[in-house]
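Structure first, commentary second.
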Amino acid sequence: MSKNQENFKRGCTEILVLYLLTKEDLYGYQITQLFKEKSNGRFTMLEGTLYLILYKLVELGYLSTYSKTVGIKRTRKYYHLEPSGQEYLNRILNEYDEITKGIAMILDREVQNYEQN
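Here the sequence shown is numbered in numbering that gives the first Met the number 0, starting from 0 and rising by one per residue.
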């Protein structure tokens with residue numbers, strides 16, 4: 000992956016994390032797997048990188064966490080989208096839409112809505 004692709008991906012990650020959490024509470028590894036699965040392998044993320052983003056979103060009050068015991072002694076930390084996180088997601092999605100429309104206009108390209116697959 001090129002440096003440009005990596006920088007672009009990093010900028011989109013926050014939106015994608017918040018969006019996935021609108022569907023259900025998730026734990027970190029689960030989020031990385033959903034990125035990979037839903038993008039058909041085009042978007043992968045190391046857990047360490049993801050956790051930096053998750054910690055920041057928790058610190059800002061957009062996410063909360065809780066622990067759930069799995070098996071005998073294993074505990075998973077789940078992330079939950081708070082109402083302030085939903086508001087933040089709505090704001091940055093609107094900004095994203097405007098930016099992609101502007102880029103498409105400059106490049107003389109149509110803005111495409113991608114379906115799954």
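Ideal Cβ placement from N, Cα and C applies to all residues, glycine included. The structure presented is a predicted model; accordingly, all values stated were derived computationally and were not measured.
Closest residue to residue i among the options (Cα-Cα distance)
i, options, result
"THR83", "LEU62, GLY70 and ASN39", "In the sequence as presented, Thr is not what sits at residue 83; that position holds Ser. Minimum Cα distance to SER83 is reached at LEU62."
"LEU33", "VAL16, THR48 and GLY47", "VAL16"
"GLN85", "THR21, GLU36 and SER38", "THR21"
"GLU13", "ASP96, THR43 and LEU49", "LEU49"
Cut-off 6 angstroms between Cβ atoms - residues of its own chain near residue i, not counting five sequence neighbours on either side
i, result
"GLY60", "SER83"
"TYR65", "TYR77"
Residue i (DSSP reduced to helix, strand or coil)
i, result
"TYR65", "strand"
"LYS37", "helix"
"LYS100", "helix"
"ARG90", "helix"
"LEU80", "strand"
"THR106", "In the sequence under discussion, the amino acid at residue 106 is Leu, which differs from the Thr named in the question. Reduced to three states, the DSSP call for LEU106 is coil."
"THR12", "helix"
"LEU25", "strand"
"THR48", "helix"
"THR74", "strand"
Same chain, Cβ closer than 7 angstroms to residue i, five either side skipped, listed in chain order
i, result
"TYR18", "LEU88"
"LYS55", "none"
Burial state of residue i (16 or more Cβ within 10 Å)
i, result
"GLN115", "The predicted position of GLN115 is uncertain, since its pLDDT is 46 and thus under 50; a value taken from the coordinates is nonetheless stated next. Result: exposed."
"MET104", "exposed"
"LEU92", "exposed"
"ILE30", "buried"
Minimum Cβ-Cβ distance from residue i to chain D less than 8 angstroms
i, result
"TYR54", "Of the protein chains in the structure, only one exists, and it is not chain D."
Would you call the region 67-81 in contact with the region 23-32, where contact means no fewer than 3 C-beta pairs closer than 8 angstroms? yes
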